[in-house]
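*Asks:*
Number of protein chains: 2
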Amino acid sequence: MNGAESLVRTLLASGIDTCFANPGTSEMHFVAALDKVPGMRCVLGLAETVVTGCADGYARMKGRPAATLTHCGPGFANSIANIHNARRAFSPMVNIMGDHATYHRQYDTPLTSDTEGLARAVSHWVRTTQSSSRVGADGAAAVQAALTPPGQIATLILPADTAWSDGGEVGAPLPVPARTAVAPETLRSVAQALRSGEQSLLVMSGEALSERGIRAAWRIAHVTGAQLRAPTQLPRLARGRNRPPVDRIPYVVENALKALAGTRHVILVGAKQPAAFFGYPNKPSVLTPPDATTHLLARPEQDMVGALEWLADELGAPKNPPLPEIEKPEPVRGAFEPVAFAHTLGALLPENCIVAEDAVTSGRALFAPTMGAAPHDWIQITGGAIGHGFPAATGAAIACPDRKVVCLQADGAGMYTMQSLWTQAREKLDVVNVVFANRVYKILHGELINVGAQAGPASNELFDLGRPEIDWVGLARSMGVEGTRVENLEGFADVFRAACGRKGPFLIEFRI
Amino acid sequence: MNGAESLVRTLLASGIDTCFANPGTSEMHFVAALDKVPGMRCVLGLAETVVTGCADGYARMKGRPAATLTHCGPGFANSIANIHNARRAFSPMVNIMGDHATYHRQYDTPLTSDTEGLARAVSHWVRTTQSSSRVGADGAAAVQAALTPPGQIATLILPADTAWSDGGEVGAPLPVPARTAVAPETLRSVAQALRSGEQSLLVMSGEALSERGIRAAWRIAHVTGAQLRAPTQLPRLARGRNRPPVDRIPYVVENALKALAGTRHVILVGAKQPAAFFGYPNKPSVLTPPDATTHLLARPEQDMVGALEWLADELGAPKNPPLPEIEKPEPVRGAFEPVAFAHTLGALLPENCIVAEDAVTSGRALFAPTMGAAPHDWIQITGGAIGHGFPAATGAAIACPDRKVVCLQADGAGMYTMQSLWTQAREKLDVVNVVFANRVYKILHGELINVGAQAGPASNELFDLGRPEIDWVGLARSMGVEGTRVENLEGFADVFRAACGRKGPFLIEFRI
């Protein structure tokens, strides 16, 4: 057995059965091993950032890592942006990067590059395998690293000769560390803050946003009046009718300051101190009041659900406090407008669907009006590396073939990774893609005004996407995905309903 | 004057007047400064690898750097692949990467990333500006670094507050080091080898492949019988009728070994020791005979043209030795076949055009039959980071608005950067794009057989691009570029002739 085959068998033994890939020559023996060993589903992405975006969407919905396979150096570099998003979402991921044969590296041939430097810039764990006999053990260690709470990026660099040489040994699955419990004194101290009667804010991310997490947090909120918030960029949230409503911290600094004003206790549950996405002249970076006290209840790798449940019990919260009456959203007619769109979408979201959101400015108002929608999971761009929606939706659909996936994609961001549509067509995935075609990097126009400048020739050149206009329906069709253009909300509602009623990928270009 | 404005003024003062860009919020003050200060042409790419591929094509044809503008971290990461190609081509490039305000970095907000680590992995020169008063001087140093022979990648990281704060000072252009002369004893020692009567091989890259360089080398070959070769991946070559023919070292190892067999003296002129693109089991990495002597005539940053001319004079070569009779290629009819296509293309290439090649397997036979074509410049992918053709052609067309650009693009590679077509449409660039639509990663099929394996389920999933078929004409049209599909050589000839006779971008999908 060569090293490559030992790696495929090791990954399968460790529970990884899906590989998103865009291989090159240095990965050829790994591909040959995939041909030989049954059991690994291989999904091709036509650009590497599609590959890792898929793996991120897959991991968020599955809770388990997929493998990715990319080419040495530049191939991996192309995949970094969506690894960055995955890293910010605590998504486990096992990246296999091929590389030159160990003895060949010295010749500095064209593809030779700083493979470890690139990997380190975005991975929690990096290793270059040294021999075929070590490949299996290194593979098992990579999976262990990926699964280490809260979920990590593991990148294994596989020189071609370690893949093709004999002497491979299958690596036994390694134990995965459990989430550590929150210390009793931390729990007691947070309980005391919550009992103070002063305004508290729970900022929750990661596992705290699971259904169990938000139900426990809701119990706490019920007895203490604490405000529940997710970060502006959240990895995944269980939401919709009959679930506790948790809103995001607003993106716009002024709105965030207003939303968090009056907070006396900031309780971090797997989340960071709320801070502005960017620093701006004469605006604060920290979004909570300067005189608030920050309590770190749980780090992302800790048992935050256990901590929330302990607190709820300790505070004497009822097991199932009533949920607020949230109006069922109704479709609206007329031109696109963010809130009206959100109501329309909320009325139409299919039961138990997955929403993958990378809607940028068009998505800022989506949350509140969809709280009363049918139950669904929401995943979104977490690291600010735009172009996440299409591939994350694609990976989510691979992970959950029985659920409808709704992708909400800004047009400028979507142009980064529209190759994902081809993978959706190839795999016949059940994704309804909605592209917000405002034909402008609207967020940048807003930011330009934020900095006190006016649009001029350069910003017109650099923000405008309307010369020429992109025909999203034609673009999708050229990659095998049918689509329709709509220009108002009633048109959207009709097409969206129909698209949700059929199987397979579809694209709606909403001209706004 | 704020730091951003001082940077724009510094770049202009240093002779940089073109900026390929895909900005984000952290670059907003730089964009605002571009609005304020006239003189910089701004060209938008809808993905960052398009941006740097354009800058590479521009630099290869202009001999001067463009600036690139990308967003912090993931934005820059998206641009690395084509920086890698540029680095391998000795292309000068000045990358401006925005970043968080210095005081904001501590909050580790979503886009915070290892900006310096990413930049270092692919740049010769990296600096993070520390204050607005230093921005100008740092910008001038970046340009100096980029222009330092043989051409370097300089990446300047610009924290947002150093851009927006007052106190900017324009940096004066810094002196650019000249190419160093080759030492007389090196020249004499190479002259002695060339006089030995033993078979010599000149491997030339960089400036040695300029018109002056190949004419001097041809004189040497004329009196010594030395073989002239460019690397398989060459940055730029002046070629066509009435120019000395210089062939590439073949990509396939066996062919390369055959082509270089019998060589006793390997003379490196700005090139590396010829080595296989990849290492393969039981095949050598070094392509020249083991008993050959290697002579380093000139490193890439040295005055290699001067060295070649000195040698030609020293060896008593005539000033204008006769060029070989090379038959003018003629169009061929029938189905696509690499040699027949090359003859057809050679017959039709417009006078003084620029060929940008990223044709992978479809391009292996292109060189010999096009030696008798009309004079042209050939630029190609140099670092193995596929997806170079479309953006390099785009940048070359910006650099040389009066010349026709012919882009030869493999389909799998083209899917990495087809967003370039939109920029071609927006800028009304004179590019004829030829896409070789074989609907497969054919090079990988070949490599799989090379490693002694047979296609199986995984390799079928991972190499096949035909499910669904990509409609390249529709894809181009969706981004504003007209196109036509052809299925045989006579169809290609008709459409190519017509496309070269009109202005603006065009795409020919050659189904093969």
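Protein chains in written order, with our numbering: chain A, 32 to 543; chain B, 32 to 543. Beta carbons: idealized from backbone N, C-alpha and C, even for Gly.
Nearest chain B C-beta to Leu149(A) closer than 8 Å, yes or no?
*Replies:* Sequence index remark: in the first sequence, residue 149(A) carries index 118 (1-based). Closer than 8 Å to some Cβ of chain B, the Cβ of Leu149(A) qualifies, so yes.
*Asks:* With Met402(B) as the anchor, note down where its beta strand (DSSP E) starts and where it stops.
*Replies:* The residue you call residue 402(B) lines up with position 371 of the second sequence. Per DSSP, Met402(B) belongs to no beta strand (DSSP E) and is neither H nor E.
*Asks:* Quick one: grab the DSSP three-state call for Glu358(A).
*Replies:* The count along the first sequence starts at 1 and reaches residue 358(A) at position 327. Coil at Glu358(A), not helix or strand.
*Asks:* Would you say Leu232(B) faces chain A, with C-beta separation under 8 Å as the test?
*Replies:* On the second sequence, residue 232(B) is found 201 positions in, with the first residue counted as 1. By this cut-off, Leu232(B) is not an interface position.
*Asks:* How is His462(B) classed by DSSP in three states: helix, strand or coil?
*Replies:* Residue numbering aside, residue 462(B) sits at position 431 when the second sequence is read from its first letter. In the sequence as displayed, the identity of residue 462(B) is Val instead of His. Note: Val462(B) maps to strand in three-state DSSP.
*Asks:* Return the bridge partner residues of Ser231(A) from the DSSP annotation.
*Replies:* Numbered from its first residue, the first sequence carries residue 231(A) at position 200. Per DSSP, the beta bridge partners of Ser231(A) are His296(A).
*Asks:* From Lys473(A), Glu518(A) and Ser45(A), pick the residue whose C-alpha is nearest to that of Ala497(A); which is it?
*Replies:* Looking up residue 497(A) in the first sequence gives position 466. The residue asked about is misnamed: residue 497(A) is Gly in this sequence, not Ala. Among Lys473(A), Glu518(A) and Ser45(A), the Cα nearest to that of Gly497(A) belongs to Lys473(A).
*Asks:* Buried or exposed for Asp344(A), please, with buried defined as at least 16 other CB atoms from any protein chain shown within 10 angstroms of its CB.
*Replies:* Working through the first sequence from its first residue, we reach residue 344(A) at position 313. So Asp344(A) ends up on the exposed side.
*Asks:* Can you tell me the Cβ-Cβ gap for Val512(A) and Ala444(A), rounded? I've got them flagged as a contact below 8 Å.
*Replies:* For this step, residue 512(A) is matched to residue 481 along the first sequence. For this step, residue 444(A) is matched to residue 413 along the first sequence. Rounded, the Cβ-Cβ distance is 17 Å, inconsistent with contact.
*Asks:* To the nearest angstrom, how far is the alpha carbon of Pro406(A) from that of Pro262(A)?
*Replies:* The residue given as residue 406(A) occupies position 375 in the first sequence. The residue given as residue 262(A) occupies position 231 in the first sequence. Rounded to whole angstroms, Pro406(A) to Pro262(A) spans 20 Å at the Cα level.
*Asks:* Check for me: the beta strand (DSSP E) holding Ile385(A) runs from which residue to which?
*Replies:* Taking the first residue of the first sequence as 1, we reach residue 385(A) at position 354. Per DSSP, Ile385(A) belongs to the beta strand (DSSP E) from Cys384 to Asp389.
*Asks:* Measure from the alpha carbon of Arg267(B) to the alpha carbon of each residue in Val386(B), Glu229(B) and Phe372(B), then state which is nearest.
*Replies:* Counted from its first residue, the second sequence places residue 267(B) at position 236. Measuring from the Cα of Arg267(B), the nearest candidate turns out to be Val386(B).
*Asks:* Which of the three DSSP states, helix, strand or coil, is assigned to Leu328(A)?
*Replies:* Position 297 of the first sequence, counting from 1, holds the residue named residue 328(A). DSSP places Leu328(A) in strand when its eight states are reduced to three.
*Asks:* Measure how close the beta-carbons of Ala64(A) and Val482(B) come, nearest whole angstrom, since I'm counting them as under 8 Å.
*Replies:* Mapped onto the first sequence, residue 64(A) falls at position 33. Mapped onto the second sequence, residue 482(B) falls at position 451. With a beta-carbon spacing of about 11 Å, Ala64(A) and Val482(B) fall beyond the 8 Å limit used to define contacts.
*Asks:* What number of angstroms, rounded off, separates the C-alpha of Thr211(A) from the C-alpha of Glu238(A)?
*Replies:* As a first step, residue 211(A) is located in the first sequence; it is residue number 180 there, counting from the start. As a first step, residue 238(A) is located in the first sequence; it is residue number 207 there, counting from the start. One C-alpha to the other measures close to 13 Å.
*Asks:* If we ignore side chains and look at the alpha-carbon of each, how far apart do Ser490(A) and Ala306(B) end up?
*Replies:* The residue labelled residue 490(A) in the question sits at position 459 within the first sequence. The residue labelled residue 306(B) in the question sits at position 275 within the second sequence. Approximately 46 Å between the Cα atoms of the pair.
*Asks:* Please report the distance separating the alpha-carbon of Ser196(A) from that of Ala98(A).
*Replies:* Start at 1 with the first residue of the first sequence, and residue 196(A) comes out as number 165. Start at 1 with the first residue of the first sequence, and residue 98(A) comes out as number 67. Spanning the two alpha carbons is a distance of roughly 22 Å.
*Asks:* In this structure, does DSSP put Met92(B) in helix, strand or coil?
*Replies:* Walking along the second sequence from the start, residue 92(B) turns up at place 61. Helix.
*Asks:* Based on the DSSP output, what are the partners of Pro190(A) in its beta bridges?
*Replies:* Residue numbering aside, residue 190(A) sits at position 159 when the first sequence is read from its first letter. Asp130(A).
*Asks:* Assuming Gln485(A) contacts Pro536(A) (C-beta within less than 8 Å), just tell me the rounded distance between them.
*Replies:* Position 454 of the first sequence, counting from 1, holds the residue named residue 485(A). Position 505 of the first sequence, counting from 1, holds the residue named residue 536(A). Between Pro536(A) and Gln485(A) the Cβ distance is about 41 Å, and since that is not below 8 Å, they are no contact.
*Asks:* Give the DSSP-derived three-state secondary structure of Asp525(A) in the structure shown.
*Replies:* Translated into positions along the first sequence, residue 525(A) becomes position 494. Looking at Asp525(A) - three-state DSSP - the assignment turns out to be helix.
*Asks:* Assign Lys435(B) to buried or exposed, taking buried as 16 or more other Cβ atoms, counted over all protein chains shown, within 10 Å of its Cβ.
*Replies:* For the purposes of this step, residue 435(B) is identified with residue 404 of the second sequence, where counting begins at 1. Lys435(B) should be labelled buried.
*Asks:* Span of the beta strand (DSSP E) holding Ala486(B)?
*Replies:* Taking the second sequence and counting its residues from 1, the one referred to as residue 486(B) is at position 455. Taken as a continuous stretch (DSSP letters only), Ala486(B) belongs to no beta strand (DSSP E), as it is neither H nor E.
*Asks:* Smallest Cα separation from Ile111(A): which of Arg136(A), Arg272(A), Val153(A) and Gly76(A)?
*Replies:* Looking up residue 111(A) in the first sequence gives position 80. When each option's Cα is compared against that of Ile111(A), the closest is Val153(A).
*Asks:* Along the segment 411 to 435 of chain B, what residues have a CB closer than 7 Å to any CB found in chain A?
*Replies:* Thr413, Gly414, Gly415 and Ala416
*Asks:* Within 10 Å of its beta-carbon, does Glu458(A) have 16 or more other beta-carbons around it, so buried, or fewer, so exposed?
*Replies:* Residue numbering aside, residue 458(A) sits at position 427 when the first sequence is read from its first letter. Flag for Glu458(A) reads buried.
*Asks:* Taking the CB atoms as reference points, tell me whether Gly88(B) and Ala441(B) lie closer together than 8 Å.
*Replies:* Within the second sequence, residue 88(B) is the residue found at index 57, counting from 1. Within the second sequence, residue 441(B) is the residue found at index 410, counting from 1. No, Cβ-Cβ distance for Gly88(B) and Ala441(B) is not below 8 Å.
*Asks:* For Trp341(A), which residues of its own chain have a beta-carbon under 7 Å away from its beta-carbon, when the five flanking residues on both sides are left out?
*Replies:* Indexing the first sequence from 1 puts residue 341(A) at position 310. So the qualifying residues of the chain are Leu218.
*Asks:* Across which residues does DSSP place Arg542(B) in a beta bridge pair?
*Replies:* In the second sequence, residue 542(B) corresponds to position 511, counting from 1. Its beta-bridge partners are Ala468(B).
*Asks:* Can you tell me whether Glu23(B) is buried or exposed, with buried defined as 16 or more other CB within 10 angstroms of its CB?
*Replies:* With chain B running from 32 to 543 in the structure shown, residue 23(B) is simply not present.
*Asks:* By a C-beta neighbour count over all protein chains shown, 10 Å radius and 16 as the cutoff for buried, is Ala287(B) buried or exposed?
*Replies:* Here residue 287(B) refers to the residue found at position 256 when the second sequence is read from its first residue. It is buried - the Cβ of Ala287(B) has at least 16 other Cβ atoms within 10 Å.
*Asks:* So the candidates are Ala35(B), Cys103(B), Val317(B) and Glu478(B); which of them puts its Cα closest to the Cα of Thr140(B)?
*Replies:* To locate residue 140(B), count along the second sequence from 1; it is residue 109. It is Cys103(B) whose Cα lies nearest to the Cα of Thr140(B).
*Asks:* Inspect the beta-carbon positions of Phe398(B) and Asp278(B) and report whether they are closer than 8 Å.
*Replies:* Along the second sequence, read from residue 1 onward, the residue named residue 398(B) stands at position 367. Along the second sequence, read from residue 1 onward, the residue named residue 278(B) stands at position 247. Yes, the pair counts as a contact, with Cβ atoms nearer than the cut-off.
*Asks:* Report the rounded CA-to-CA distance for Phe494(A) versus Val363(A), giving the unit in angstroms.
*Replies:* Working through the first sequence from its first residue, we reach residue 494(A) at position 463. Working through the first sequence from its first residue, we reach residue 363(A) at position 332. Near 30 Å, if we compare the C-alpha coordinates of Val363(A) and Phe494(A).
*Asks:* Note down, one range per segment and in chain order, each alpha helix (DSSP H) of at least 4 residues found wholly within the segment 230 to 283 of chain B.
*Replies:* 242 to 255
*Asks:* Considering only the beta carbon of each residue, do Met446(A) and Ile501(B) sit closer than 8 Å?
*Replies:* In the first sequence, the residue the question calls residue 446(A) occupies position 415. In the second sequence, the residue the question calls residue 501(B) occupies position 470. Not in contact: Met446(A) and Ile501(B) (Cβ atoms no closer than 8 Å).
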